[in-house]
Amino acid sequence: MTAAPARRAALTLVTGGSAPQREAAIAACLERSSAAGLCAVLLEGLASGQTLLSPSHDLQVQRIAPGCLCCTGNLVLRVTLNRILRLRPERLFIGLAATDHLDQLRSWLQDPPYDQLLELTADMHT
8 MTAAPARRAA LTLVTGGSAP QREAAIAACL ERSSAAGLCA VLLEGLASGQ
58 TLLSPSHDLQ VQRIAPGCLC CTGNLVLRVT LNRILRLRPE RLFIGLAATD
108 HLDQLRSWLQ DPPYDQLLEL TADMHT
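This is how it looks when you write it as structure tokens:
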């Protein structure tokens with residue numbers, strides 16, 4: 008008997024606007040969501056002082072320093088993403104400060120091992 012494949016986490020890349028606008032868009036989406044399990048948010052950039060997303064039992068929130076996530080910030084992104092994925096979230100949002108290499112980032116998120124762990128959804132633009 009073969010084991011059923013693990014369900015992939017729905018991943019939404021959130022772009023545009025300022026960091027607070029991206030965070031507000033994610034918060035609004037989470038309020039409308041009927042996700043029963045853990046949701047996770049990975050935000051690029053430092054908190055503005057008024058965060059709308061607070062970690063809880065059902066919400067994992069991580070921040071990484073701003074920088075190109077497919078170039079200089081790639082290692083930090085991979086390590087942080089791998090830690091989040093060990094928690095097996097149902098939904099995952101990644102808030103991006105810049106979209107210079109968005110296609111390249113999306114491409115490696117669809118390559119192994121992430122292709123078995125993530126299901127990319129339509130991007131959210133604020």
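Per our numbering, the sequence shown runs over residues 8 to 133. Think of the CB as a built atom: it goes at the ideal place given N, C-alpha and C, for glycine as much as any other residue. Remember, it's a predicted structure, so these values are computed and weren't measured experimentally.
Residue i lies in the beta strand (DSSP E); which residues open and close that run?
| i | result |
| --- | --- |
| A16 | A16 to T22 |
| Q69 | L66 to I71 |
| L99 | R98 to G102 |
| A47 | C46 to E51 |
Assuming residue i and residue j are in contact, meaning their beta carbons sit under 8 Å apart, how far apart are those beta carbons, in whole angstroms?
| i | j | result |
| --- | --- | --- |
| E30 | L60 | 6 Å |
| T133 | A34 | So it is not a contact: roughly 11 Å between Cβ atoms. |
| L49 | I71 | 7 Å |
| L82 | E51 | L82 to E51, Cβ: 14 Å. No contact. |
For residue i, which of the options has the nearest alpha-carbon?
| i | options | result |
| --- | --- | --- |
| G44 | T58, H64 and G52 | H64 |
| N108 | I91, G74 and G56 | According to the sequence provided, residue 108 is His. The question's Asn does not apply to it. Among I91, G74 and G56, the Cα nearest to that of H108 belongs to G74. |
| L53 | A104, Q111 and L76 | A104 |
Please list, in chain order, all residues of the same chain as residue i whose beta carbon is under 7 Å from its beta carbon, the five residues on each side excluded.
| i | result |
| --- | --- |
| L127 | L18, R113, L116 and Q117 |
| T106 | T22 |
For residue i, which residues in the same chain have their Cβ closer than 8 Å to its Cβ, ignoring the five residues on either side in sequence?
| i | result |
| --- | --- |
| A13 | R95, Q123 and L124 |
**Report entry** Given 8 Å, three or more beta-carbon pairs between the stretch 18-36 and the stretch 92-100
**Finding:** The way I'd put it, the stretch 18-36 does touch the stretch 92-100; three or more beta-carbon pairs between them come closer than 8 Å.
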